[in-house]
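K.L.:
Those sequence lines, one after another, are chains S and L.
Note that the first sequence covers residues 14 to 127 in this note's numbering.
Note that the second sequence covers residues 2 to 145 in this note's numbering.
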Amino acid sequence: MAHPPGETKPCDVVILHPDRPVNLRSIARLEDALAEQLRHARYKVVVDFEGVNRMPSTGIGVLSEMVGLFRREGGDLKVCTLSYELSQVFDMLALDEVLNVYSTQEEALRAFKP
Amino acid sequence: MSKSQHLFEATFNDAYQDFDSILEAVAKIAAAAGLDKAALFQIDGAAAEAVANIVQHAYRGLEGARVKLEIEQDESGLQVILTDWGKPFDPSQVPEIDVRAQLAAGKRGGLGLYMMRRFVDRVEYGTNPDGSNFVRLTKALPLA
Chain S
14 MAHPPGETKP
24 CDVVILHPDR
34 PVNLRSIARL
44 EDALAEQLRH
54 ARYKVVVDFE
64 GVNRMPSTGI
74 GVLSEMVGLF
84 RREGGDLKVC
94 TLSYELSQVF
104 DMLALDEVLN
114 VYSTQEEALR
124 AFKP
Chain L
2 MSKSQHLFEA
12 TFNDAYQDFD
22 SILEAVAKIA
32 AAAGLDKAAL
42 FQIDGAAAEA
52 VANIVQHAYR
62 GLEGARVKLE
72 IEQDESGLQV
82 ILTDWGKPFD
92 PSQVPEIDVR
102 AQLAAGKRGG
112 LGLYMMRRFV
122 DRVEYGTNPD
132 GSNFVRLTKA
142 LPLA
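1) Using a Cβ-Cβ distance under 8 Å, would S:Glu44 count as near chain L?
2) For L:Thr128, is the classification buried or exposed, using 16 other Cβ atoms within 10 angstroms of its Cβ as the cut-off for buried?
3) What first and last residue would you give for the beta strand (DSSP E) that runs through L:Gly71?
4) For a contact defined as C-beta to C-beta under 7 Å, what are the partners of S:Leu106 on chain L?
5) Can you tell which of S:Val75, S:Lys57, S:Ser70 and S:Gly74 has the C-alpha that lies nearest to the C-alpha of S:Asp89?
6) Throw me the rounded Cβ distance for the S:Phe62 and S:Val92 pair, which I believe falls under 8 Å.
7) I want to see whether chain S comes within less than 8 Å of L:Gly46, judged by CB atoms only; does it?
8) Can you tell me whether S:Thr71 is buried or exposed, with buried defined as 16 or more other CB within 10 angstroms of its CB?
9) Roughly how far, in whole angstroms, is the beta-carbon of L:Tyr126 from the beta-carbon of L:Ala66, given that I think they are within contact range, below 8 Å?
10) Tell me L:Glu125's beta-bridge partners as DSSP assigns them.
11) Is it a yes or a no for the stretch 100–109 of chain L touching the stretch 50–69 of chain L, going by three-plus beta-carbon pairs under 8 Å?
12) Determine, for L:Arg123, whether the minimum Cβ-Cβ distance to residues of chain S falls below 8 Å.
13) Please list, in chain order, all residues of the same chain as L:Pro92 whose beta carbon is under 7 Å from its beta carbon, the five residues on each side excluded.
14) Since L:Glu10 meets chain S, which of its residues come closer than 9 Å, beta carbon to beta carbon?
15) Does the distance from the CB of L:Ile23 to the CB of L:Ala31 come in under 8 Å?
16) At a CB-CB cut-off below 7 Å, which residues of chain L make contact with S:Leu37?
17) Closest Cβ-Cβ distance between S:Tyr64 and chain L: below 8 Å?
18) Going along chain L in order, which residues have a C-beta closer than 9 Å to the C-beta of S:Val111?
19) If we define contact as Cβ-Cβ less than 8 Å, is S:Pro100 a contact residue for chain L?
20) Curious, which full-length alpha helix (DSSP H) runs of at least 4 residues does the stretch 24–108 of chain L contain?
21) Are the C-beta atoms of S:Thr94 and some chain L residue less than 8 Å apart?
22) For L:His7 and L:Ala59, I'd like the C-alpha separation in whole angstroms.
23) If you measure between the beta carbons of L:Leu138 and L:Gln80, is that distance less than 8 Å?
24) Hey, is S:Gly88's beta-carbon within less than 8 Å of any beta-carbon in chain L?
25) Would you mind telling me which residues of chain S sit closer than 8 Å to L:Leu112, beta carbon to beta carbon, in chain order?
26) What do you get for L:Asn14, buried or exposed, if any count of 16 or more other CB atoms within 10 angstroms of its CB means buried?
27) State the Cα-Cα distance for the pair S:Thr94 and S:Arg55, rounded to the nearest angstrom.
28) Tell me whether S:Thr94 sits in a helix, a strand or coil according to DSSP, three-state version.
Here's what the structure looks like:
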């Protein structure tokens with residue numbers, strides 16, 4: 014089964030880009046991709062939301078549940094590059110209290126460096 | 002009772018597969034009705050939640066989630082009405098959630114209704130005379 018394209022950066026950080034437009038299928042694919050990182054013991058993940066203008070509660074639920082699984086293993090699931098619209102959703106739900114949010118992918122990657 | 006203007010109607014045979022098409026229709030009609038960018042984002046968000054709820058709860062994720070989309074306009078605003086033939090949903094049976102606590106605990110569920118209510122001015126669930134279910138999302142239009 015195909016997954017959202019992932020790339021590995023220095024510090025063994027995996028970058029995931031959700032398919033656009035975001036819909037129930039792309040959320041399922043993102044969840045599969047995150048679960049795959051856990052299966053392969055890749056516990057440092059950045060989900061880059063560049064160009065994403067919608068995130069239904071199903072996707073929010075995936076992120077809020079999965080972040081705990083990555084942190085339990087000593088890693089993290091960070092998010093970056095939120096659009097104005099997505100920032101509104103994150104603000105509405107105070108998601109920055111649950112997820113580490115960065116303006117750019119570079120900032121998110123830097124945050125993983127020891 | 003205000004006179005309602007029927008703007009759009011279409012039936013989709015599988016809301017999971019047709020998710021994007023349903024939301025594209027909502028966006029197109031809502032933009033033509035005069036919603037600004039912020040309101041378009043909000044009606045899109047509410048409609049996305051409603052469709053997701055229908056697929057996941059009314060039809061329990063099964064294929065063939067038939068949905069009728071109607072869009073109307075009256076003096077209360079733009080109304081997006083989604084009809085399904087699955088399991089009825091009674092929002093009064095959904096407890097109010099503490100969103101922060103829910104998310105911090107990594108729990109899913111209950112967020113969709115909360116988000117819909119934040120995105121639009123009114124969310125109404127009900128049953129039609131033929132036994133089908135509807136959710137009506139009302140978004141006020143900007144003053145002319």
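Idealized CB from N, CA, C, for every residue including glycine.
In this text, all values refer to a predicted model and were calculated from it rather than measured experimentally.
P.N.:
From the atom records:
1) Start at 1 with the first residue of the first sequence, and residue 44 of chain S comes out as number 31. No, S:Glu44 does not count as interfacial toward chain L.
2) To locate residue 128 of chain L, count along the second sequence from 1; it is residue 127. Counting Cβ neighbours within 10 Å, L:Thr128 comes out exposed, since fewer than 16 surround it.
3) As a working mapping, residue 71 of chain L is identified with position 70 in the second sequence. In the sequence on display, residue 71 of chain L carries Glu and not Gly. Run containing L:Glu71: Val68 to Asp75, per the beta strand (DSSP E) assignment.
4) The sequence position of residue 106 of chain S within the first sequence is 93, counting from 1. Within 7 Å Cβ-Cβ: Val100 and Leu104.
5) Here residue 89 of chain S is taken as the residue at index 76 of the first sequence, counted from 1. For the residues S:Val75, S:Lys57, S:Ser70 and S:Gly74, the minimum Cα distance to S:Asp89 belongs to S:Lys57.
6) Taking the first sequence and counting its residues from 1, one reaches residue 62 of chain S at position 49. Taking the first sequence and counting its residues from 1, one reaches residue 92 of chain S at position 79. So it is a contact: roughly 6 Å between Cβ atoms.
7) Taking the second sequence and counting its residues from 1, the one referred to as residue 46 of chain L is at position 45. Look at L:Gly46: its C-beta is under 8 Å from a C-beta on chain S.
8) For the purposes of this step, residue 71 of chain S is taken as the residue at position 58 of the first sequence. By the neighbour-count rule (16 or more Cβ atoms within 10 Å), S:Thr71 is buried.
9) Against the second sequence, residue 126 of chain L aligns to sequence position 125. Against the second sequence, residue 66 of chain L aligns to sequence position 65. Going by Cβ atoms, the distance from L:Tyr126 to L:Ala66 rounds to 17 Å, so no, they are not a contact pair.
10) Against the second sequence, residue 125 of chain L aligns to sequence position 124. According to DSSP, which records beta bridges pairwise, L:Glu125 is partnered with L:Arg137.
11) no
12) As a working mapping, residue 123 of chain L is identified with position 122 in the second sequence. No - not a single Cβ of chain S is within 8 Å of the one on L:Arg123.
13) Along the second sequence, read from residue 1 onward, the residue named residue 92 of chain L stands at position 91. These residues qualify, in order along the chain: Leu114 and Tyr126.
14) Along the second sequence, one-based indexing puts residue 10 of chain L at 9. Within chain S, no residue comes near L:Glu10; the closest Cβ sits about 22 Å away, beyond 9 Å.
15) Position 22 of the second sequence holds residue 23 of chain L. Position 30 of the second sequence holds residue 31 of chain L. Not in contact: L:Ile23 and L:Ala31 (Cβ atoms no closer than 8 Å).
16) Residue numbering aside, residue 37 of chain S sits at position 24 when the first sequence is read from its first letter. Those are Tyr17, Phe20, Ala53 and Val56, listed as they occur along chain L.
17) On the first sequence, residue 64 of chain S is found 51 positions in, with the first residue counted as 1. First, the amino acid is wrong: residue 64 of chain S is Gly here, not Tyr. False, the Cβ-Cβ gap to chain L never drops below 8 Å.
18) Position 98 of the first sequence holds residue 111 of chain S. Correct list: Arg101, Leu104, Ala105 and Gly107.
19) As a working mapping, residue 100 of chain S is identified with position 87 in the first sequence. Here residue 100 of chain S is Ser; the residue named in the question, Pro, does not match the sequence. So no, S:Ser100 is outside the interface.
20) 38–54 and 100–105
21) Working through the first sequence from its first residue, we reach residue 94 of chain S at position 81. No - not a single Cβ of chain L is within 8 Å of the one on S:Thr94.
22) What you label residue 7 of chain L is simply residue 6 of the second sequence in a count that begins at 1. What you label residue 59 of chain L is simply residue 58 of the second sequence in a count that begins at 1. Their Cα atoms are separated by approximately 25 Å.
23) Within the second sequence, numbered from 1, the residue matching residue 138 of chain L stands at position 137. Within the second sequence, numbered from 1, the residue matching residue 80 of chain L stands at position 79. Against a cut-off of 8 Å, the Cβ pair of L:Gln80 and L:Leu138 comes out as a contact.
24) Within the first sequence, residue 88 of chain S is the residue found at index 75, counting from 1. Contact with chain L is absent for S:Gly88, since none of that chain's Cβ atoms lies less than 8 Å from the residue's Cβ.
25) Here residue 112 of chain L refers to the residue found at position 111 of the second sequence. Neighbours of L:Leu112 on chain S, chain order: Ser70, Ile73, Gly74 and Leu106.
26) Residue 14 of chain L sits at position 13 when you count from the first residue of the second sequence. By the neighbour-count rule (16 or more Cβ atoms within 10 Å), L:Asn14 is not buried but exposed.
27) On the first sequence, residue 94 of chain S is found 81 positions in, with the first residue counted as 1. On the first sequence, residue 55 of chain S is found 42 positions in, with the first residue counted as 1. Answer to the nearest angstrom: the Cα atoms are 21 Å apart.
28) Along the first sequence, one-based indexing puts residue 94 of chain S at 81. Residue state, collapsed to three classes: coil.
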